[in-house]
Amino acid sequence: MSQKPSLPKGTRDFTPDEMAKRNFIFDTINKVFKNYGYQPIETPAMENLSTLMGKYGEEGDRLLFKILNSGDYLKNIDQTDVTNDNLSKITTTISEKGLRYDLTVPFARYVVQHRNEITFPFKRYQVQPVWRADRPQKGRYREFYQCDVDVIGSDSLLNEVELIRVIDDIFKRLNIDIVIKLNNRKILTGIAEIINAPERLTDITTAIDKIDKIGVEKVYEELRQKGLDEDTIEMLEPIINLGGGNSQRLICLKEIIGITSAGSQGIQEMQYILDLTEQLDIKAEIKMEQALARGLNYYTGTIIEVLAKDVTIGSVCGGGRYDDLTGVFGLPDVSGVGVSFGADRIYDVLTELDLFPEQVQGSADVLLVNFGEQEAKFCLKIMEVIQNSGISAELYPNPAKLKKQMKYANQKSVRFVILIGEEEIKSGQYTLKDMITGDQMNGMLSELINRIKQ
RNA sequence: GUGGAUGUAGCUCAGCUGGUUAGAGCACUAGAUUGUGGUUCUAGGGGUCGCCGGUUCAAAUCCGGUCUUCCACCCCA
22 MSQKPSLPKG TRDFTPDEMA KRNFIFDTIN KVFKNYGYQP IETPAMENLS
72 TLMGKYGEEG DRLLFKILNS GDYLKNIDQT DVTNDNLSKI TTTISEKGLR
122 YDLTVPFARY VVQHRNEITF PFKRYQVQPV WRADRPQKGR YREFYQCDVD
172 VIGSDSLLNE VELIRVIDDI FKRLNIDIVI KLNNRKILTG IAEIINAPER
222 LTDITTAIDK IDKIGVEKVY EELRQKGLDE DTIEMLEPII NLGGGNSQRL
272 ICLKEIIGIT SAGSQGIQEM QYILDLTEQL DIKAEIKMEQ ALARGLNYYT
322 GTIIEVLAKD VTIGSVCGGG RYDDLTGVFG LPDVSGVGVS FGADRIYDVL
372 TELDLFPEQV QGSADVLLVN FGEQEAKFCL KIMEVIQNSG ISAELYPNPA
422 KLKKQMKYAN QKSVRFVILI GEEEIKSGQY TLKDMITGDQ MNGMLSELIN
472 RIKQ
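Read in order, the letters of the first sequence are residues 22 to 475 in my numbering.
This is the structure in structure tokens:
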């Protein structure tokens with residue numbers, strides 16, 4: 022019985038054409054990473070659930086894909102837990118592995134496990150898929166690729182500056198106009214301190230973060246809803262409405278939260294990064310955004326988010342500094358900073374803006390027509406010469422009608438077709454057809470190769 | 001996880017208030033053209049109308065459920 026083929030929610034196949042475009046993205050990202058001295062690593066698709074759980078907050082735990090244990094996974098289950106609907110306990114009994122949710126936590130695990138082989142500061146990059154049991158929509162998939170670069174074991178802000186350069190470099194090569202939004206967790210802490218509500222930090226920042234989206238009034242409304250009193254909200258007002266350029270914002274912020282130690286340190290760090298990047302040749306718009314608050318609770322310093330201009334899709338890149346990510350795995354006081362590029366969203370942006378270069382197709386340069394058994398055997402040798410000269414070539418496997426073979430070449434966007442039939446074998450003069458211009462020429466193999474290489 | 005929309009041929013979609021063998025364009029295959037593709041003409045193949053159930057003499061069409069995709073929230077790449 023045949024069944025209707027289907028794919029799990031939020032996952033996709035990639036066609037050869039899409040793969041060519043995706044590889045264009047991966048290639049430029051990898052090239053830039055390498056160019057700045059980062060080294061590649063890979064980690065397994067699955068991790069122990071104990072490694073993953075509790076690292077992404079409650080929300081994150083819910084979005085983790087869990088893998089059912091092999092064998093008789095029900096044998097250790099406690100019936101009273103079943104009757105009591107004790108889901109979390111049942112879950113940990115029947116599942117002890119999960120698919121990775123991001124590349125940062127596995128990297129932290131990696132660093133701790135390999136600490137004796139690693140020379141710090143360790144600059145690594147990692148390009149692998151991650152999985153989230155999120156509800157899919159545009160730009161949001163359940164399986165997607167992250168391209169992470171991190172420096173671990175160095176608290177220098179020069180790393181932040183370098184990452185900004187990496188971001189700028191990559192999007193410059195991809196021809197995407199971007200805004201790099203910067204903030205610092207210490208500034209957020211300062212804000213919370215100054216209004217005397219450090220424990221409300223998350224509530225405040227998630228509300229303020231929506232200012233562009235829902236407007237000032239709604240932000241106030243949400244803050245009230247979350248139980249902040251009018252006095253506190255009034256104190257927040259200058260921060261919420263803080264506008265102008267980066268330097269202007271910093272000056273204002275200094276007046277408001279400069280007296281807190283966290284606040285002043287955050288402002289100092291931000292100032293340092295902005296000063297340095299200003300001297301560099303950076304194309305991207307760099308914008309300090311006091312409302313930027315990325316959800317992951319492990320950021321402790323700089324917070325980075327990159328948005329593509331002219332496209333409404335989530336961020337295409339994001340990250341920040343985390344001072345103690347490896348602490349939970351028993352290696353304290355290792356500071357790291359990194360960002361993650363979302364290859365799938367970059368793909369969507371390039372598609373929407375029609376920015377993929379024409380040349381990204383993955384077809385061969387030449388197709389050798391198959392006129393029959395004898396001719397095909399002859400072509401095999403010719404093909405060897407062509408391929409050894411650096412030109413990709415394929416021989417049509419069946420002696421099909423010429424029309425069919427031409428059509429095949431046309432549809433695969435193979436640029437050149439070489440025809441070698443009985444006549445050509447005798448004379449040693451082969452026929453070359455340019456499929457774009459329609460021009461044909463006759464000549465020795467070396468002449469044809471020269472023509473193709475032009 | 002909450003709320004809303006969607007689903008008809010490989011793709012983009014028609015199919016009015018339920019009524020015979022469900023259509024178009026593009027794509028595909030073959031021929032016109034026995035060594036020349038992309039244009040044109042002709043013919044052809046292809047659909048359990050997402051899936052399951054209900055109402056009805058009769059369901060692609062109405063109702064319920066379920067799945068998918070999309071949108072908003074949440075969160076995020």
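Think of the CB as a built atom: it goes at the ideal place given N, C-alpha and C, for glycine as much as any other residue. Fair warning: this is a prediction, and the values are worked out from it, not measured in the lab.
Identify, in the order they occur along the chain, each residue of the same chain with its Cβ nearer than 6 Å to the Cβ of residue i, setting aside the five sequence neighbours on each side.
i	result
V132	I173, T347
L249	none
N267	L295, M309
F192	I199
E373	V332
A480	Residue 480 cannot be examined here, being either before or after the span of the chain that is shown, 22 to 475.
Q426	V390, Y417
C273	L263
D123	V151
Rounding to the nearest angstrom, what Cα-Cα distance links residue i and residue j in this structure?
i	j	result
T226	L271	18 Å
S285	D224	22 Å
L313	K454	57 Å
N471	S384	19 Å
R121	E394	52 Å
D345	S356	6 Å
K422	P157	46 Å
P418	S410	22 Å
P29	E39	19 Å
E242	I229	11 Å
K275	E251	23 Å
E379	K247	51 Å
G92	E290	53 Å
E79	N107	16 Å
W152	D82	12 Å
Return the chain-ordered list of same chain residues with a C-beta closer than 7 Å to the C-beta of residue i, the five sequence neighbours on each side being excluded.
i	result
F350	A129, R130, V133
N180	V172, V358
F47	V148, A364
P127	T64, E68, R121
T298	V182, I185, I307
D102	K110, I111
E326	K202, L313, R315, S336, G339
I98	I111, T114, I115
Leaving out the 5 sequence neighbours to the left and right, which residues in its chain are closer than 8 Å to residue i when beta-carbon positions are compared?
i	result
V485	Only positions 22 to 475 of the chain appear in the structure, and residue 485 is not among them; the question remains open.
P26	none
K239	K231
P353	D345, T347
Going by the C-beta, is residue i closer than 7 Å to any heavy atom of the ligand MG?
i	result
A305	The ligand MG is not among the ligands present in this structure, which contains no ligands whatsoever.
Does the Cβ-Cβ distance between residue i and residue j come in under 8 Å?
i	j	result
V370	I201	no
D169	Q147	yes
G335	V360	no
Y166	A364	yes
I215	M256	yes
V187	V53	yes
V337	F362	yes
G211	G287	yes
A154	L85	yes
S116	L73	no
T36	R163	no
Y343	T321	yes
N262	V237	yes
I277	P259	yes
P420	F392	yes
M465	G449	yes
P329	D189	It is Ala, not Pro, that sits at residue 329 in the sequence shown. No, they are not a contact pair.
Y368	R43	yes
Would you please state the rounded distance, in angstroms, between the beta carbons of residue i and residue j? I believe it to be under 8 Å.
i	j	result
T125	K87	Going by Cβ atoms, the distance from T125 to K87 rounds to 19 Å, so no, they are not a contact pair.
R366	G160	5 Å
R145	I62	5 Å
N431	M456	6 Å
N204	I324	5 Å
F45	F377	7 Å
Output the residue ranges of the alpha helix (DSSP H) runs that lie fully inside the region 100-184 and measure 4 residues or longer, sorted by chain position. 100-104, 108-115, 125-134
I'd like the ranges of any alpha helix (DSSP H) spanning at least 4 consecutive residues and lying wholly in the region 409-471. 423-432, 443-448
Let me know the beta strand (DSSP E) ranges lying completely inside the region 186-264, each 3 residues or longer, listed in chain order. 199-205
For the region 266-340, list the beta strand (DSSP E) runs that are entirely contained and at least 3 residues long, ordered along the chain. 306-309, 323-329
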